[in-house]
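Protein chains in written order, with this note's numbering: chain U, 309 to 520; chain E, 725 to 856. Here's the structure, in structure tokens; my notes come after.
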Amino acid sequence: MAKAIGIAPTRMELLKLRQRVSLAQKGHDLLREKMDALVIEFFGIVRSIGEVRVKTMQQLSSAYRALSICFAMQGTIETYQAAREARKDVEVDISTRHVMGILVPVMEAKPVERHALARGYSVYATSSALDEASREFEKALEILIKLAELEGGARAIALELEKTKRRVNALEYVILPSLKSMVKFISMRLDEMERENFSRLKRIKAMLEARE
Amino acid sequence: MSTDRILQFELARLNAHLPEQRITLKDALSSPSPHVVTKEGSRHKFERGELEFLSKMTPADEWDKLRLPILIAINPKLGRGAAEITGEAEVKVISQVLGKTCRDREMVIYRPEIAVVRAKLPTTTQYFFMVG
């Protein structure tokens, strides 16, 4: 049995194993707490994603409606021409925040919605439908930036959650049971050795008494 | 022994996101880019909106007592899903967020309450795992 498990049934080994069990148990408890906290974070962010996605779809649908009106009123080629002339720069400040060691992106966009004159195309050569479509798309872009931030965060948390869950399961179902069975085996083997020793001593004593 | 080493590494990494030094609400409000530097050297930024929310809840004379980020200390000894908040100003803020009354320097909160706190203060609170 000792050979099959690959450990020497000694007191020293038993002490080492008990230390390993306590470390593994502590690690398991803490990692499980981390997993619970990650689940809280993940569901919080998923709820926000749902809300922001609904807003995004509504905004994009009204933006595309405005664009269709613009195409109809101003003409497709003119609209494309104005789009080529428009300024396309959006300033986004990307930083990070920590959620239990996971870097979650934080995106802060400077106001995307601009004045018609600041967009870059000629206001004299274009219709008001283009201004309306631009405004709607600028609003949509703001929501899309928020959605990107949330989805990036959710992906990072989900990856960490998967890793942590795998570790917790490995500790709970593989490492801790095997360590505990080793401890049990060594303590039973030591008890058995003690009993053998005791009966041996009794037998020797009986033999010595018989000889006298 | 490699599993032990991996485990020790994991335990050491659990609190790597904590700041080297916490800053007070007063300092955070006066800073143009309120942030703290974490133990692993990266920056953790506080959202301006959250700081303003905290400043409305805390009397101005206590701004220099409230240290950020507020630590949600997770101690497995308290049981699964329980966490501890320490510090007078911190306890006041968290109890206001949760709509509770607590006058101690320490308070214990539970998983649904942690979710509420984290939803309202995602950048100004941090988890702290009590390893030792």
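No residue lacks a Cβ here, since even glycine has one placed at the ideal position from N, Cα and C.
**Message:** Below 8 Å on the Cβ atoms is my contact criterion, and I expect residue 737/E with residue 409/U to pass it. Report the Cβ-Cβ distance as a whole number of Å.
**Reply:** Indexing the second sequence from 1 puts residue 737/E at position 13. Indexing the first sequence from 1 puts residue 409/U at position 101. Correct: roughly 6 Å between the Cβ atoms.
**Asked** Do you know how far the Cα of residue 502/U is from the Cα of residue 518/U?
**Response** Within the first sequence, the letter at position 210 stands for residue 518/U. Within the first sequence, the letter at position 194 stands for residue 502/U. Each residue's CA atom was taken as its position, placing residue 518/U and residue 502/U some 24 Å apart.
**Prompt:** According to the neighbour-count rule (16 or more other Cβ atoms, all chains shown, within 10 Å of its Cβ), is residue 419/U buried or exposed?
**Reply:** Residue mapping note: residue 419/U aligns to position 111 of the first sequence, counting from 1. Burial call: exposed.
**Request:** Under 8 Å by Cβ, that's how I've got residue 451/U and residue 360/U pegged, so tell me the actual separation to the nearest angstrom.
**Result:** Numbered from 1 along the first sequence, position 143 holds the residue referred to as residue 451/U. Numbered from 1 along the first sequence, position 52 holds the residue referred to as residue 360/U. That pair is a contact at about 6 Å.
**Message:** Can you find the residues in the same chain that come closer than 8 Å, C-beta to C-beta, to residue 830/E, ignoring five residues on each side of it along the sequence?
**Reply:** Residue numbering aside, residue 830/E sits at position 106 when the second sequence is read from its first letter. Excluding sequence neighbours, residue 830/E sits near 808, 809, 810, 815.
**Request:** Return helix, strand or coil for residue 516/U, following the three-state DSSP convention.
**Result:** Position 208 of the first sequence, counting from 1, holds the residue named residue 516/U. Under the three-state reduction of DSSP, residue 516/U is assigned to helix.
**Message:** On the DSSP bridge list, what partners appear for residue 852/E?
**Reply:** Translated into the one-based positions of the second sequence, residue 852/E becomes position 128. Bridge partners of residue 852/E: 797/E.
**Message:** So for residue 414/U, helix, strand or coil by DSSP?
**Reply:** The sequence position of residue 414/U within the first sequence is 106, counting from 1. Residue state, collapsed to three classes: strand.
**Message:** Is there a Cβ of chain E sitting closer than 9 Å to that of residue 470/U, yes or no?
**Reply:** In the first sequence, counting from the first residue as 1, residue 470/U sits at position 162. Not one chain E Cβ lies under 9 Å of residue 470/U.
**Request:** Taking C-beta pairs closer than 8 Å, name the residues in chain U that residue 769/E reaches, listed in chain order.
**Result:** Stepping through the second sequence from its first residue, residue 769/E is reached at position 45. Result: 403, 404, 405, 414.
**Message:** Taking a contact to mean a Cβ-Cβ separation below 9 Å, would you say residue 763/E touches residue 744/E in this structure?
**Reply:** Against the second sequence, residue 763/E aligns to sequence position 39. Against the second sequence, residue 744/E aligns to sequence position 20. With a cutoff of 9 Å on beta-carbon distance, residue 763/E and residue 744/E are scored as near each other.
**Request:** Under 8 Å Cβ to Cβ from residue 414/U, same chain only, skipping five residues before and after it: list those, please.
**Result:** Sequence index remark: in the first sequence, residue 414/U carries index 106 (1-based). Hits under 8 Å: 402, 403, 404, 405, 457.
**Item:** Neighbourhood of residue 400/U by C-beta distance below 8 Å, restricted to the same chain and skipping five residues each side
**Value:** Numbered from 1 along the first sequence, position 92 holds the residue referred to as residue 400/U. Contacts found: 415, 416, 417, 418, 453.
**Message:** Run through the DSSP bridge pairs and tell me what residue 403/U is partnered with.
**Reply:** Against the first sequence, residue 403/U aligns to sequence position 95. BP columns for residue 403/U point to 414/U.
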